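Residues in the sequence shown are numbered consecutively from 412, following this note's numbering. Positions of the beta carbon are idealized from the N, C-alpha and C atoms, including for glycine. Bear in mind the structure is a predicted one, so any value in this text is a computation, not a measurement.
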Amino acid sequence: MATLRRRLLRLLTKFNVNVHDLGPGAVVLERRGDYRVSRSDKRSWAVTRDAAGSADPSATVGEPVPLGPGATLSVARDLSPASELALHKKAQEYLGARHIASLLRHYRVNCVFDVGANIGQYGQQLRAHGYRGRIVSFEPVAAVAEKLRQVTEDDPDWWVRPFALGREDRTDSINVVHGSMSSMLGPTEFGNTRYKRFRRTRTQEIILRRLDGLLDETLAGIADPRPYLKLDTQGFDLEAYAGAGERIREFVGMQSEVALMRIYEGMPRMDEAIRTYEADGFEITGMYPVTREESTGRVLEFDCVMVRADSLPGQA
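Laid out in structure tokens, this is it:
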């Protein structure tokens, strides 16, 4: 049988396929001119392609970099600028998600308020990283909220509320934009230039609610509530935050998209937002780039992750 296996593998080389024998019972088949297979360490191989989907003969896998117990990083050398940016974005998204999941466990969070939920990407990320507590997602755009309900229908502890949060209870109009960029605010000149989708905006009447008026209902049934607040409202975060009033002090942690470049009219810059959160006792544990300009490399927005250190279990 082993002899037949070797013959079959040699035969594949005649059909424009490279064969890498990894040891008993394992091989990597590499299509020539498309994929590149390189040994990363004694037990690992890496399969790489360039951004265009074809082989990059100059790209070789770098030496494995140990990141700590149970983690090793191997990255191809000589990536194109676009591939390098894509690598950074994926790495930051992954590390940010792990950091948040770790904080939720460390601070024993049992209810996450997902404000600006879109179709549930954040909640799904929490579940994928092991969070099993309650999620309350707020999404005011009717068609998007319906998609969110479909995502959550088999998860009884993931609740959907079809409205936005603000500093007062009222009805208002939201600018509906394709994708995840609908906002209570209109775009700036920079925003219009950066995002062509703003040219196809329509408005929809929605309901805004104050967060402090919703807490008793949404925390019902949780014996010792330890809530966490996630804000992603396209420039409206401070308005949503203001609606928590004095009850913001019940939250053990939070995160907010903070802006270095104003995409929407009237949105606060990063320094103003962080000063507001710090004044209420929150302290930064991580900053993760959300969007970055490919041409200049400058960051437009960060996800700012914060906790109230005195709410750590065992600190009282």
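Quick one: give me the first and last residue of the alpha helix (DSSP H) that E683 is part of. 681–690
With distances taken between CB atoms, is the gap from C522 to V547 smaller than 9 angstroms? yes
Should A651 and V526 be called a contact, given that it needs their Cβ atoms to be closer than 9 angstroms? yes
Tell me the rounded alpha-carbon separation between T612 and G481. 47 angstroms
With distances taken Cα to Cα, identify the nearest neighbour of T599 among L506, M672, F713, D489. M672
Are the CB atoms of M678 and F713 nearer to each other than 9 angstroms? no
Would V476 be called buried (16 or more neighbouring beta carbons within 10 Å of its own) or exposed? exposed
Given that a residue counts as buried once 16 or more other Cβ atoms are within 10 Å of its Cβ, and exposed if not, what is A493? exposed
Hey, would you say L577 sits closer than 9 angstroms to D583, going by beta carbons? Note that residue 577 is Gly in the sequence shown here, rather than Leu. Closer than 9 angstroms, so yes.
V716 and L537: beta carbons closer than 9 angstroms? no
Within this structure, are the beta carbons of R660 and R719 separated by less than 9 angstroms? yes
Backbone CA spacing between R610 and I585 [nearest angstrom]: 15 angstroms
Give me the DSSP bridge partner(s) of I546. V523, W569
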